[in-house]
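A.B. asks: Numbering (my numbering), first residue to last: 206 to 409.
Input: one structure, supplied below.
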């Protein structure tokens, strides 16, 4: 087939649910980078390779799209955690922590959630963000079987990771002794994942 023929070869149409997932992936990344107020549906549409009117037609408002991004992120977390428990309950808290760090590979997922956590005063986003945070806490208590203090400690570790990622602290890893020490202490087993993600952030 010639190059001319290839350019006119019909491209299979993407299913609506696949295009929806593509937009949610793009929205997760864009909201993660710019936050709820900084991101626009036009940025998300360009990142997804679709038109801005299409995004609005599929999701309605930016607020509704952000809520769906939060829902999707929470599902990723819980599915990941349940897979850890199904595999084994040995060294459970540490393995759940490793699974949480691995979610950095889902671009923007943890940061989009972090942005939702600072919108507690928003009448729509705030209640869903609180509900989602409590869903994770209840999972740790009921399904993972952690004591209240253990669940609190786990959540503290997660928030520290989110903060380090949001601050792009990995950019100081080689130049700051304090940053190097903090990162090595906070992520002794998964530092490579954070540093890899940091390079992606810097090049984005």
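All C-beta atoms in this analysis are idealised placements derived from N, C-alpha and C, irrespective of residue type, glycine included.
Please read all numbers here as calculations on a predicted model, not as lab measurements.
1. In whole angstroms, what is the alpha-carbon distance linking residue 313 and residue 235?
2. Enumerate, from N- to C-terminal direction, the unbroken alpha helix (DSSP H) stretches of 4 or more residues contained entirely within the region 250-333.
3. Pull up the distance between the alpha-carbon of residue 366 and that of residue 256, whole angstroms please.
4. Return the CA-CA distance between residue 240 and residue 290, expressed in angstroms with no decimal places.
5. Less than 8 Å between the CB atoms is what I'm expecting for residue 264 and residue 302, so what's the real figure, rounded?
6. Cβ atoms of residue 409 and residue 362: under 9 Å apart, would you say?
7. In angstroms with no decimal places, state the Cα-to-Cα distance between residue 435 and residue 348.
8. Closest to residue 258 by C-alpha separation, out of 232, 268, 252 and 246, would be which residue?
9. Taking residue 399 as part of the alpha helix (DSSP H), name the residues at either end of that continuous run.
10. Should the region 268-275 be regarded as contacting the region 325-334, the criterion being three or more beta carbon pairs within less than 8 Å?
11. Answer yes or no: do residue 350 and residue 297 have a C-beta to C-beta separation smaller than 9 Å?
12. Where residue 381 and residue 261 are concerned, what is the direct C-alpha to C-alpha distance, given to the nearest angstrom?
13. Measure the Cβ-Cβ separation of residue 399 and residue 387 and say whether it is below 9 Å.
14. Around the Cβ of residue 319, are there at least 16 other Cβ atoms within 10 angstroms (buried) or fewer (exposed)?
15. So is residue 345 buried or exposed if we call it buried at 16+ other beta carbons inside 10 Å?
16. Beta carbon of residue 278, beta carbon of residue 252: below 9 Å?
C.D. replies: Checking against the coordinates, here is how it stands:
1. 7 Å
2. Listed in chain order, the complete alpha helix (DSSP H) runs (minimum 4 residues) inside the region 250-333 are 257-264, 267-292, 297-307 and 314-322.
3. 34 Å
4. Going by the C-alpha atoms only, they are around 32 Å apart.
5. About 33 Å; that fails the 8 Å criterion.
6. no
7. The displayed coordinates of the chain run from 206 to 409. Any statement about residue 435 would go beyond what the structure contains.
8. Comparing C-alpha distances from residue 258 to each of 232, 268, 252 and 246 shows the shortest one belongs to 246.
9. Residue 399 -> alpha helix (DSSP H) spans 396-408.
10. Cβ pair count under 8 Å is three or more, so yes.
11. Yes. Within cutoff.
12. 44 Å
13. no
14. Counting every other CB atom within 10 Å of its CB across the protein chains shown gives residue 319 a total of 16 or more, marking it as buried.
15. So residue 345 ends up on the buried side.
16. no
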